[in-house]
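These notes concern the structure reproduced below.
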Amino acid sequence: MRKVSLIGVLLLVVSIPTFAGGLLTNTNQHVLFLRSLARDASTQIDAVYSNPAGTAYMTPGLHLSLNVQSAYQTRTINSTFDPFVGFGGNATKQYKGEASAPVIPSMFAVYVKDKWAFSASFAVTGGGGKATFNNGLGSFESQVAMIPENLKEAGIPTSQYSVDSYMQGKQMIFGLQVGAAYKINDYLSAFGGLRMNYVSNGYVGHIKDIMINPTYPAVGLNGSMVSAETVFKTLAAAYTAMGNSKGAEDMQKNADAVKDKYLDCDQTGWGVTPIIGLDFKMNKWNVGVKYEFNTRLNVENNTKIDNTGMFKDGVNTPHDIPSLLTVGVSYEILPVLRASVGYHHFFDSNAKMANGKEKYAGSTNEYLGGLEWDITKAVQVSAGLQRTKYGVQDNYQSDMSFSVSSFSYGFGAGFNLSSKLKLNVAYFWTEYEDYTKEVANFATTTNKTKSFNYKDVFTRTNKVFGIGVDYKF
99 MRKVSLIGVL
109 LLVVSIPTFA
119 GGLLTNTNQH
129 VLFLRSLARD
139 ASTQIDAVYS
149 NPAGTAYMTP
159 GLHLSLNVQS
169 AYQTRTINST
179 FDPFVGFGGN
189 ATKQYKGEAS
199 APVIPSMFAV
209 YVKDKWAFSA
219 SFAVTGGGGK
229 ATFNNGLGSF
239 ESQVAMIPEN
249 LKEAGIPTSQ
259 YSVDSYMQGK
269 QMIFGLQVGA
279 AYKINDYLSA
289 FGGLRMNYVS
299 NGYVGHIKDI
309 MINPTYPAVG
319 LNGSMVSAET
329 VFKTLAAAYT
339 AMGNSKGAED
349 MQKNADAVKD
359 KYLDCDQTGW
369 GVTPIIGLDF
379 KMNKWNVGVK
389 YEFNTRLNVE
399 NNTKIDNTGM
409 FKDGVNTPHD
419 IPSLLTVGVS
429 YEILPVLRAS
439 VGYHHFFDSN
449 AKMANGKEKY
459 AGSTNEYLGG
469 LEWDITKAVQ
479 VSAGLQRTKY
489 GVQDNYQSDM
499 SFSVSSFSYG
509 FGAGFNLSSK
519 LKLNVAYFWT
529 EYEDYTKEVA
539 NFATTTNKTK
549 SFNYKDVFTR
559 TNKVFGIGVD
569 YKF
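Each number in our numbering corresponds to the 1-based position in the sequence shown with 98 added.
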């Protein structure tokens, strides 16, 4: 019988993004991104992240910015597996996780003097919320659903099961970035800097109260729902009475496998990202280029409880942040109208991941466009869109970690409250595609007399609201 466990629960760490960006990277760190998206050629204060070489073209003095975003996401998996009929009567079940991050702050600072621009920022550069599955996940329940099938194969009629399953995972990557840009001439500037990344993940889950309804009058089982652990202990005792030590041993193993399982594990780790950039500025054109190097890091388990025996305290797991190339172009169509485009390429397959999943990660490409219009000297409106296309393969996708391609849209406004103070507000949402994964012969009964296929359909929703203030001293 297949062991019931929380196998792979920590893989939730791979993908709980509540923001735009790649598998582990948030690109919307400033509200100006939410407003118009294509910020890779910016020379405003959000350039600290999006186009750091462009900070050299900001006006002299000290610039500060504080932003707060609220993000809400759902992760929905529709799983089809024939044995699911035993718990609720339907072979297709929906598992829905809700992720929320009500307050995600970010801070930016730039000091410009002569040809130099010194910049710093602090933001949630990856993750940012909790994903809670109140009914667990299909990959967990599928293992429980096989218990009646295996008992039927053994000649013990069993048609139903039930289980209490729960999963919650959170992921936060905090980034502190510092660097300097130098204006080589009126047309070209260069940037060099570092980002210190600190990872804080947490996982809580359980599979408990597994019940089944076997009919085996000889040992007092009459078809009513009863604890699976009790059933297997009863069968173990019956085999012992018959002198079948092998059968008794197997039933005791099954009894141990269906005991209540709990997990409470935190993970922490850190790594440094080198960053370089160039900015080319001429007349109405501006071009920004940035490259973030691959961030090597591991996360270490701090395990409070783990009945599965799979997540030992102190064990390290690969958790690299992929390298990223961004290119942006902006053009001033009119003195009051500006357009911009951008391109992001995440080198996902070069980043080490848990269980070697980088072999199936491919790469992520994003294409962005945006417009900004000055309605008056005090009010600007803007809008933009982004196409995110993941290169992941079926072996990467699971209900514990999946990425689906999408279209994102944002719009907002900026208000010059004074010559030094600006307020930005924006709303951003994402429309995700469905991704279907089918696995033939996903599970077989103990004696392999019967096999079952499995199908998952993955999708998400995502909504973000942001507000921020920029101040120039």
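Just so you know, even glycine gets a beta-carbon here, dropped at the ideal spot from N, CA and C. Fair warning: this is a prediction, and the values are worked out from it, not measured in the lab.
- Message: Classify Gln192: buried if its beta carbon has 16 or more other beta carbons within 10 angstroms, exposed otherwise.
- Response: Taking every protein chain shown into account, the CB of Gln192 has fewer than 16 other CB atoms within 10 angstroms, so this residue is exposed.
- Query: For the candidate residues Ser499, Lys520, Tyr552, Asn551, whose alpha-carbon lies nearest to that of Ser163?
  - Reply: Its Cα nearest to that of Ser163, the residue Lys520 stands out among Ser499, Lys520, Tyr552, Asn551.
- beta strand (DSSP E) segment containing Phe445, residue limits: 435–445 is the extent of the beta strand (DSSP E) around Phe445.
- Mark Glu239 as exposed unless 16 or more other C-beta atoms lie within 10 angstroms of its C-beta, in which case mark it buried. Burial is judged here by how many other beta carbons sit within 10 angstroms of a residue's own beta carbon; Glu239 has at least 16 and is buried.
- Mind checking whether Asp554 and Gly186 have CB atoms under 8 Å apart? No, they are not a contact pair.
- Message: Measuring alpha carbon to alpha carbon, tell me which residue in Val434, Tyr429, Ile565 is nearest Pro200.
- Response: The shortest C-alpha to C-alpha distance from Pro200 to any of Val434, Tyr429, Ile565 is the one to Ile565.
- Does DSSP put Val112 in a helix, in a strand, or in coil? For Val112, the predicted model reports a pLDDT of 30, less than 50, meaning its position is unreliable; a value from the coordinates is still stated below. Val112: helix per DSSP, three-state reduction.
- 6 Å CB neighbourhood of Asn560 in its chain, flanking five on each side removed: Hits under 6 Å: Gln171, Thr528.
- Asp364 vs Asn392 beta-carbon contact at 8 Å: Not a contact, by the Cβ cut-off of 8 Å.
- Cβ of Gln269 within 8 Å of Cβ of Asn299? Contact check for Gln269 against Asn299 passes: the beta carbons are separated by less than 8 Å.
- Inter-residue spacing [alpha-carbon to alpha-carbon] between Ser322 and Thr190: Whole-angstrom Cα-Cα distance: 24 Å.
- Is Lys388 helix, strand or coil when you go by DSSP? Correct three-state label for Lys388: strand.
- Give me the Cβ distance between Trp471 and Leu515, rounded to the nearest whole Å; I'm assuming they're in contact under 8 Å. About 19 Å; that fails the 8 Å criterion.
- Message: List, from N- to C-terminal side, the beta strand (DSSP E) runs of 3 residues or more that fit wholly inside the stretch 121–189.
- Response: The beta strand (DSSP E) runs of length 3 or more contained entirely in the stretch 121–189 are, from start to end of the chain, 159–178.
- In angstroms with no decimal places, state the Cα-to-Cα distance between Ser287 and Ala154. So the two alpha carbons sit approximately 7 Å from each other.
- Integer Cβ distance of Thr542 from Ser549, believed to fall under 8 Å: About 4 Å separates the two Cβ atoms, so the contact holds.
- Could I get the ranges of all uninterrupted beta strand (DSSP E) runs contained in the stretch 193–260, with 3 residues as the minimum, in chain order? Entirely contained in the stretch 193–260, the beta strand (DSSP E) runs reaching 3 residues are, in chain order, 214–231.
- State buried or exposed for Asn493, treating a residue as buried only when at least 16 other CB atoms are found within 10 Å of its CB. That one is exposed.
- Item | Per-residue burial, Arg485 [other beta carbons within 10 Å of its own, 16 or more giving buried] | By the Cβ neighbour-count rule, Arg485 is exposed, with fewer than 16 other Cβ atoms within 10 Å of its own.
- Coil, strand or helix - Pro416 by DSSP: Reduced to three states, the DSSP call for Pro416 is strand.
- Task: Report back the beta-carbon spacing between Val385 and Gly375 to the nearest angstrom; my notes put them in contact at under 8 Å.
- Result: Their Cβ separation, rounded to whole angstroms, is 11 Å, which puts Val385 and Gly375 out of contact at 8 Å.
- Can you tell me the Cα-Cα spacing of Thr534 and Val502, whole angstroms? Rounded to the nearest whole angstrom, the C-alpha separation of Thr534 and Val502 is 10 Å.
- Query: Among residues of its own chain, excluding the 5 on either side of Ala207, which ones have a beta-carbon nearer than 8 Å to its beta-carbon?
  - Reply: Once the five neighbours on either side are set aside, the close Cβ partners of Ala207 are Val146, Leu160, His161, Leu162, Ser163, Ser217, Ala218, Ser219.
- Message: I'd like to check one pair, Ser134 with Gln563: are the Cβ atoms closer than 8 Å?
- Response: Rather than Gln, the amino acid found at residue 563 in this sequence is Phe. Pairing Phe563 with Ser134 gives a Cβ-Cβ distance that is not under 8 Å.
- Query: What is the DSSP secondary structure of Leu292, counted as helix, strand or coil?
  - Reply: Leu292 falls in the strand class under three-state DSSP.
- What residue from Tyr314, Ala243, Tyr264, Lys211 has the CA that sits closest to Thr230's CA? Minimum Cα distance to Thr230 is reached at Tyr264.
- Message: Taking the alpha-carbon of Phe526 as reference, which of Gly468, Ala476, Phe513, Gln491 has the nearest alpha-carbon?
- Response: Nearest to Phe526 by alpha-carbon distance, out of Gly468, Ala476, Phe513, Gln491, is Gly468.
- Task: Can you give me the start and stop residues for the alpha helix (DSSP H) that Leu466 sits inside?
- Result: From DSSP, Leu466 is part of no alpha helix (DSSP H) but of the beta strand (DSSP E) over 462–472.
- Query: Out of curiosity, what's the CA-to-CA distance linking Ile175 and Gln491?
  - Reply: If you take the alpha carbons of Ile175 and Gln491, they lie about 17 Å apart.
- Would the beta-carbon of Thr371 fall within 8 Å of that of Leu483? No, Cβ-Cβ distance for Thr371 and Leu483 is not below 8 Å.
- Measure how close the beta-carbons of Pro158 and Ile373 come, nearest whole angstrom, since I'm counting them as under 8 Å. With a Cβ gap of about 23 Å, Pro158 and Ile373 do not count as contacting.
- Distance CB(Trp368)-CB(Tyr296) smaller than 8 Å: Yes. Within cutoff.
- Report all residues from its chain with a CB closer than 6 Å to the CB of Gly106; omit the five preceding and five following residues, and keep chain order. With a pLDDT of 33 at Gly106, under the threshold of 50, the modelled position of this residue cannot be trusted; read the value that follows with caution. Met498.
- Could you name the residues of the same chain whose beta carbon sits closer than 8 Å to that of Leu422, not counting the 5 residues immediately before and after it, in chain order? Hits under 8 Å: Gly120, Thr123, Lys388, Tyr389, Glu390, His442, His443, Phe444, Phe445.
- Query: If you check the beta carbons only, do Gly510 and Val523 fall under 8 Å apart?
  - Reply: Going by C-beta atoms, Gly510 is nearer than 8 Å to Val523.
- Proximity of Asn545 and Glu247 at Cβ, strictly below 8 Å: In this structure, Glu247 does not lie closer than 8 Å to Asn545 by Cβ.
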